[in-house]
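Heads up: the structure comes next, in structure tokens.
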Amino acid sequence: MSETPNNFIEEIIREDNRTGRWGGRVHTRFPPEPNGYLHIGHAKSICLNHGLAQKFGGKFNLRFDDTNPEKEEHEYVTSIVEDVRWLGADWEDRLFFASDYFERMYELAEQLVNAGKAYVDDQTDEQIKETRGTVKTPGTDSPCRGRAPAENLDLLRRMRAGEFPDGSKVLRAKIDMASPNMLLRDPLIYRIRHAEHHRTGDQWCLYPMYDWAHGLEDSIEGITHSICTLEFEVHRPLYDWFLEQLDVYRPQQIEFARLNLTHTVMSKRKLLKLVQDGLVDGWDDPRMPTICGLRRRGYTASAIRDFCDRIGVARAASTVEYALLEHCLREELNLSAPRVMAVLDPLKLVITNYPEGEEELVDCLNNPEDPSAGEREVPFSRELWIERDDFQETPPPKFFRLAPGREVRLKHAYYVVCDEVVKDEAGRIVELRCTYDPQSRGGGTPDGRKVKGTLHWVSAPHALDAEVRLYEQLFSDPFPGVSEGCADPLDCLNPQSLTILKGCKLEPGLAAAEPGHSCQFLRHGYFCADARHSRPGAPVFNRTVSLKDSWAKEQKKV
Ligand code: ATP
Ligand code: MG
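Throughout the sequence shown, residue numbering follows my numbering, covering 625 to 1182 in sequence.
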């Protein structure tokens, strides 16, 4: 273990271990509510909680905080399990559901009632809200506040038995209607909802509120450090109050600043809206900040973990540049992704002095960063595809690629000179006629003459047709939902966030690419065969990230 703690939570744990507060135990949890898919913000929490358990030889639980029957679905449970596992956080045999503790929670509520610390209130939600007071004025006591424990107990049991309709009664903690912390003004413990729960069915019509449930879940599981985001700081006195009243094990809540990323939103409600309104292709749309979206885009779990490591853990809120996330991925893919040639906007190039009907295989290095990746053979022939914008009829200064009369190198193959430009009736260039130097095989010549441009290419008769999808940020504003001009994120959706290119030409070796296969298209960036739409032989590739590293560039400036 390194000597210096990485963040303030590690400091707390070290101190706890020094004083023996938890007997040297470290037990964390990730407690998602199954009401949406996980996003990159959740990844930060997962990496933090799991990372701490690992670092201190402790335990990590995955626990579904499934206390709200109305918004929760089994589909979300399945996706969350998959995503946490994919990220590499191992909960071993500790996958839990808050709904499994409903009975125990209810028992403890009866204890609270018997101790005179909770009461059944007949007021409506509206009335309760109105009598809570304001930050400046105290609240007013409910007429039911003085009910005797025996009456409260009877009512609570009848609430549980289903005697009362939704909203007609609640169980409230009896704390302090004048507390400066509004959350302590007799907060709700249970409400009545005759609703079907995704796991307990219609067994319950009483559902626990977050503040009541969460601390008990942590307590039941023996959590030591209950780590949550900063907005729960004001809830901590309540978290502690409940546990103090009951004679139960008491974990410690610690808050950290949530992750915000530029150019995206992290609220499950807003992400759900994008999905429901059909503005994206599902939760796993490659533009979504969801874990499954990032995975489909071609992100690796290790790049996401690296990102979470680098952004660190603090108590001050901040927004991280999306470019840093991309930078982490690029650094990894640069080392791991095999290089291939792909032409996205094809223009025919015919080598007039190359024998018709002939072909050969040229050796191509798979990854210049990784000699162990070896080489592959790529077919070369008389007719090739090159990138349309690699040719200019009247080249501007500093354009070093192909132009009439100019010689360039075809990557891994030969030098070619452009002799003739063929156009159709509309004046559009349809073909370049070139000659090659047979002595330049492999990219150099005996006379050592230099060329300034190197183009990638694909042999036309061997080419594999593909669809390629290019992405930009989903939102054009860096702070959607926050910026003045973009109060509603839906108002600043980037109309150019998806470009679909058909008829792209790939080197034939990619015919076998399985969905999820990742590689670098030379000069175009890193790409990944789409998990939904790509099939061997009929590939659809997503651009994961371009090669231009705006993060690294910015870092150099400062
Ligand atoms: P909501 O409660 O609005 O449905 P949520 O994103 O808080 O949304 P949870 O399922 O409660 O969803 O989150 C599970 C855990 O992930 C919580 O501990 C929460 O604090 C943490 N978390 C959520 N968003 C972020 C974020 N952006 N950065 C870091 N941690 C986060
Ligand atoms: Mg939450």
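No residue lacks a Cβ here, since even glycine has one placed at the ideal position from N, Cα and C.
Beta-carbon within less than 8 Å of residue i's beta-carbon, same chain only, minus the 5 sequence neighbours each way: which residues are those?
| i | result |
| --- | --- |
| C1116 | F1099, S1100, D1101, P1104, S1107, G1109 and C1110 |
| R939 | F632, L854, E879, F880 and A881 |
| E697 | P658, N659 and H822 |
Residue i: buried (16+ other C-beta within 10 angstroms of its C-beta) or exposed?
| i | result |
| --- | --- |
| V1233 | There is simply no residue 1233 to check, as the chain begins at 625 and stops at 1182 in what is shown. |
| Q900 | exposed |
| S792 | exposed |
| V759 | exposed |
| Q1144 | buried |
| P656 | buried |
| Y725 | buried |
| V1046 | exposed |
| L883 | buried |
| G873 | For the sequence presented, residue 873 should be read as Tyr rather than Gly. Burial call: exposed. |
| P970 | buried |
| L885 | buried |
| R1167 | buried |
| E820 | exposed |
| A947 | buried |
| A1162 | exposed |
| D640 | buried |
| T943 | exposed |
| P1021 | exposed |
| R911 | buried |
| Q877 | buried |
| H663 | buried |
| G681 | exposed |
| G1140 | exposed |
| D871 | exposed |
Quick check on the DSSP output: the alpha helix (DSSP H) that includes residue i runs from which residue to which?
| i | result |
| --- | --- |
| C1058 | C1058 -> not in any alpha helix (DSSP H); beta strand (DSSP E) instead, spanning I1053 to D1061. |
| C952 | Y946 to S960 |
| D987 | Unbroken run through D987 is the beta strand (DSSP E), E983 to L989; no alpha helix (DSSP H). |
| L662 | L662 -> no alpha helix (DSSP H), and no H or E assigned at all. |
| D745 | Element bounds for D745: not the alpha helix (DSSP H) but the beta strand (DSSP E), A742 to D745. |
Can you give me the start and stop residues for the beta strand (DSSP E) that residue i sits inside?
| i | result |
| --- | --- |
| P861 | First-last for P861: R860 to Q869, but that is the alpha helix (DSSP H), not the beta strand (DSSP E). |
| I844 | I844 -> not in any beta strand (DSSP E); alpha helix (DSSP H) instead, spanning Y834 to E845. |
| C1128 | L1122 to L1130 |
| A1153 | G1149 to A1153 |
| S1083 | W1081 to S1083 |
| P970 | P970 to I975 |
Below 7 Å CB to CB, which residues in the same chain sit around residue i once its five sequence neighbours on both sides are set aside?
| i | result |
| --- | --- |
| R823 | D690, F721 and S723 |
| L1034 | V1040, L1079 and W1081 |
| C916 | Y661, S703, D707, W907 and D908 |
| E980 | R1006 |
| A997 | P962, N990 and N991 |
| K892 | N659 and G660 |
How long is the line joining the alpha carbons of residue i and residue j, rounded to whole angstroms?
| i | j | result |
| --- | --- | --- |
| F1198 | Y863 | Outside the displayed span of the chain (625 to 1182) sits residue 1198, for which this structure offers no information. |
| A739 | P773 | 7 Å |
| R638 | V650 | 10 Å |
| T761 | L807 | 14 Å |
| A1050 | Q1097 | 36 Å |
| T848 | R645 | 9 Å |
| A677 | T888 | 30 Å |
| R769 | K897 | 40 Å |
| T1059 | A925 | 47 Å |
| P693 | R815 | 12 Å |
| P1028 | E982 | 25 Å |
| I928 | G647 | 33 Å |
| F1015 | R1030 | 10 Å |
| M801 | S1174 | 53 Å |
| D717 | I813 | 30 Å |
| P1119 | G675 | 38 Å |
| E945 | I935 | 10 Å |
| F788 | T764 | 25 Å |
| R1052 | F1024 | 21 Å |
| E1044 | T1018 | 13 Å |
Whose C-beta lies closer than 6 Å to the C-beta of residue i among residues of the same chain, with five residues either side of it excluded?
| i | result |
| --- | --- |
| T1123 | L1094 |
| Q747 | S766 |
| C1152 | G922, S1142, N1166 and T1168 |
Would residue i pass as a contact of residue j if the rule is Cβ separation under 8 Å?
| i | j | result |
| --- | --- | --- |
| L957 | Y1150 | yes |
| H1036 | D1112 | no |
| L711 | A667 | yes |
| H1148 | A966 | yes |
| R784 | L830 | yes |
| L1088 | L1130 | yes |
| V794 | D826 | no |
| A1084 | W1009 | yes |
| P1160 | E1178 | no |
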